[in-house]
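In what follows, a single structure is set out as structure tokens and then discussed.
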Amino acid sequence: MYVRTVKNNQGKEYLRIVESYRENGKNKQKIIANLGRIDTISRKEVENIVDKLVQIYDIKGYVNLNSVEEAPDKKNYGIKVIVDRLFERYEMDKFFEKMDKKARFDVEDLLKIMVMNRIIEPKSKLGIFNELDYYGFKRIDEAETDEEGIALQWMYRTLDVLAQKKEELEKHLYSQRISLFNSVVDLVFYDVTTLAFETQQTNELLQMGYSKDKKFNESQVVLGMSIDRDRMPVSFDIYPGNTFEGHTFKDTIEVMKKRYQLGKVIVVCDRGMMSRTNMEIVENSDYEFIVGKSIKQLKKVDIFDGGFTEIAKGIEYREIEYEGKRLLIIHSEERAEKDRKDRIRLIEKAKKMLKDGNIETKSKRGAKKYLKTKNEVDYTLDIQKIEKDEKYDGYYGIITNTQLNPKQILEQYHTLWKVEESFRTLKNYLETRPIFHWTQKRIKGHIVMSFVSYIMQRTLELELERNNIEYSHEKIREAIKNMEYIDIKLNEQHFAIRTNMNLLAQKILKVLNIPIPKVVTPYEEFIEKLKLQNENKEIKGLEKSKVKA
């Protein structure tokens with residue numbers, strides 16, 4: 016028996032209750048009730064009929080949403096199930112099981128909460144605490160020993176634990192990823208960046224230095240990180256903010272050699288990293304290197320003397336021996352155009368400085384390099400300097416000890432942008448900075464947490480890439496933020512109602528083998544199916560003794 020609409024010759028629609036039956040092997044229908052013309056039946060009348068039928072037949076699961084007077088707060092289920100699944104893949108529970116269980120809080124779950132926040136809407140620890148309800152958790156004051164939930168100080172103490180376990184956690188994540196993706200690390204990109212802090216205080220780690228944002232007046236630390244060809248971190252280290260970036264390189268090579276037992280590896284980095292000493296460190300480790308070399312700083316080499324061979328459209332090269340290494344001199348038409356535009360911009364800026372009489376005498380960077388003077392008072396454009404720079408438009412060098420062919424060397428060097436993009440993701444997308452921590456342990460713990468967040472984010476991206484699914488950081492964030500639900504109680508029944516999901520959100524859940532919830536689901540079934548943390552359940556119920564982190 017079912018409801019059917021029919022039209023008469025005048026196009027008027029009628030509502031009927033019809034029953035199907037078989038007679039002599041044929042399907043037939045008979046009218047049980049004719050409810051009249053649809054345009055004469057009000058919506059309210061239909062709802063009254065349905066509500067009465069529900070009462071008569073005691074139908075379970077029916078919800079009349081019109082009876083909801085106040086809209087419940089939305090909560091996010093997507094980020095919780097996604098981070099849970101990613102932590103499962105890295106067997107994070109096994110790592111944290113080895114830790115001291117005397118803590119009152121669960122470090123793994125608190126790390127999850129901070130990772131969840133980093134991925135969809137980075138905030139301070141206090142900001143995360145104030146929005147725990149959105150993630151399905153309850154806030155408590157640490158003094159409430161009989162209450163179930165999460166205290167703010169547990170997050171800060173989690174950072175202390177992460178700082179203490181940095182090397183072990185880093186190694187665990189690396190070994191799990193190698194197994195997870197069945198990959199081999201044979202190409203490592205290395206770069207350094209600076210992380211700024213909202214203070215001018217200094218200590219052993221926090222030091223004033225020249226930042227990547229060209230600022231001198233902020234306390235900072237230096238972060239060195241090695242990344243493989245999949246843009247996945249291999250290792251990272253933190254140095255005082257006044258450390259010269261080239262001095263960080265030795266530690267990274269030693270870590271790769273000892274902690275990860277990496278065999279044959281090609282190290283790719285920018286020219287600022289690879290001094291003669293660093294080259295020797297790489298070679299003494301039986302590694303190879305591909306590094307940029309400033310053409311203008313080459314001694315006893317005329318880069319314009321000799322023929323060039325086309326290696327790709329708009330790119331040509333010439334190879335020579337230089338200090339016992341292979342040196343590729345590259346000329347790129349695209350880079351030549353960029354160099355020309357950059358120089359014109361600086362010349363215009365230099366002219367404006369002359370016109371305004373506003374010349375920074377201490378700095379020789381930027382537009383100042385195109386000005387000259389004899390008495391430090393009267394400046395003029397340095398035409399010879401401009402013409403000299405113009406000759407080098409589009410030229411750059413690559414020095415290497417590998418046996419790769421020139422095209423392979425160029426391709427590997429050009430992929431150095433992976434490191435730069437990863438640092439942008441780490442600093443901007445995950446908003447590692449500005450950092451509101453002052454002690455060395457908390458600073459280190461915060462960066463470890465951001466490091467874990469980036470690995471989880473990048474793992475999700477690799478899964479999407481494997482399945483040929485297009486994405487961007489912002490689209491992933493938007494898709495996950497829209498995985499929300501509300502829970503409502505009606506007629507002594509409790510339901511979870513999820514919001515609409517876009518196509519990328521559905522694909523994300525699919526590649527991670529996470530079930531897509533129905534639009535309306537009994538609340539307990541919704542929580543159980545997605546393995547969400549019930550806000551009435553204590554966070555893994557560890558001992559209630561005081562923290563000894």
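When we follow my numbering, the leftmost residue of the sequence shown carries the number 16, and every step to the right adds one. For every residue, glycine included, the Cβ atom is placed at its ideal position computed from N, Cα and C.
- Between the segment 164-173 and the segment 136-155 there are three or more C-beta pairs closer than 8 Å, enough to call the two in contact.
- Within the segment 127-189, complete alpha helix (DSSP H) segments of at least 4 residues are found at 140-145 and 167-179, given in chain order.
- Restricting attention to H262, I268, D121 and T258, the CA atom closest to the CA of S250 is found in I268.
- For R333, same chain residues with a beta-carbon under 6 Å away, outside a window of 5 residues either side, are G321, F323 and I344 in chain order.
- Nearest Cα to L519 within the set I495, K138 and Y407: I495.
- With contacts defined as CB atoms closer than 9 Å, Q455 and A178 qualify as a contacting pair.
- In the three-state reduction of the DSSP assignment, G261 falls in the helix class.
- Within its own chain, the residues whose Cβ lies closer than 8 Å to the Cβ of K364, once the five positions on either side in sequence are excluded, are G381 and A382, listed in chain order.
- Apart from the 5 residues on each side of it in sequence, F264 sits with its Cβ closer than 6 Å to the Cβ of M288 and N293 in its chain, given in chain order.
- Between the segment 402-415 and the segment 302-312, the count of Cβ pairs shorter than 8 Å is three or higher; the stretches touch.
- Contact annotation, Y92 with Y500: C-beta distance approximately 5 Å; criterion of less than 8 Å satisfied.
- Contact check between the segment 420-431 and the segment 310-318: fewer than three CB pairs, one atom from each, fall below 8 Å, which does not count as touching.
- For S57, the secondary structure class from DSSP, reduced to helix, strand or coil, is coil.
- Between L126 and M107, the C-beta gap is smaller than 9 Å, which places the two residues in contact.
- The residues K400, in chain order, have a CB closer than 7 Å to that of K384 in the same chain once the five nearest residues on each side in sequence are set aside.
- D357 sits in a helix when the DSSP states are folded into three classes.
- Secondary structure note for Q44: its beta strand (DSSP E) is the uninterrupted segment K41 to R52.
- Inclusion of N497 and N515 in the CB contact set at 9 Å is warranted, their separation being smaller than that value.
- A Cβ-Cβ separation of about 27 Å leaves S241 out of contact with T217 under the 8 Å criterion.
- A distance below 9 Å separates the beta carbons of R52 and Y29.
- In this structure, F152 is the residue among K138, F152 and Y105 with its C-alpha nearest to the C-alpha of K95.
- Taking 9 Å as the cut-off, the Cβ atoms of R133 and S347 do not count as close.
- The C-alpha of I32 is placed about 29 Å away from the C-alpha of Q508.
- In this structure, I374 places its C-beta atom within 9 Å of the C-beta atom of L386.
- The residues D201, in chain order, have a CB closer than 7 Å to that of K279 in the same chain once the five nearest residues on each side in sequence are set aside.
- DSSP, read as helix, strand or coil, puts Q191 in helix.
- Only exposed fits K45, as fewer than 16 other CB atoms lie within 10 angstroms of its CB.
- Assignment of N299 by DSSP, reduced to helix, strand and coil, places it in the helix class.
- Collapsing the DSSP output to three states places K308 in a strand.
- Within the segment 465-515, the complete beta strand (DSSP E) segments of 3 residues or longer fall at 499-505 and 508-513, listed in chain order.
- Straight-line measurement puts the Cα of T173 at about 12 Å from the Cα of F111.
- Distance between Y275 and Y254, taken at the CA atoms: about 21 Å.
- Pairing D252 with G261 gives a Cβ-Cβ distance that is not under 9 Å.
- By the neighbour-count criterion, in which 16 or more other beta carbons inside 10 Å mark a residue as buried, K459 falls on the buried side.
- In the DSSP assignment, V526 falls within the unbroken alpha helix (DSSP H) covering L518 to V526.
- When beta bridges are read from the DSSP output, P248 appears opposite I242.
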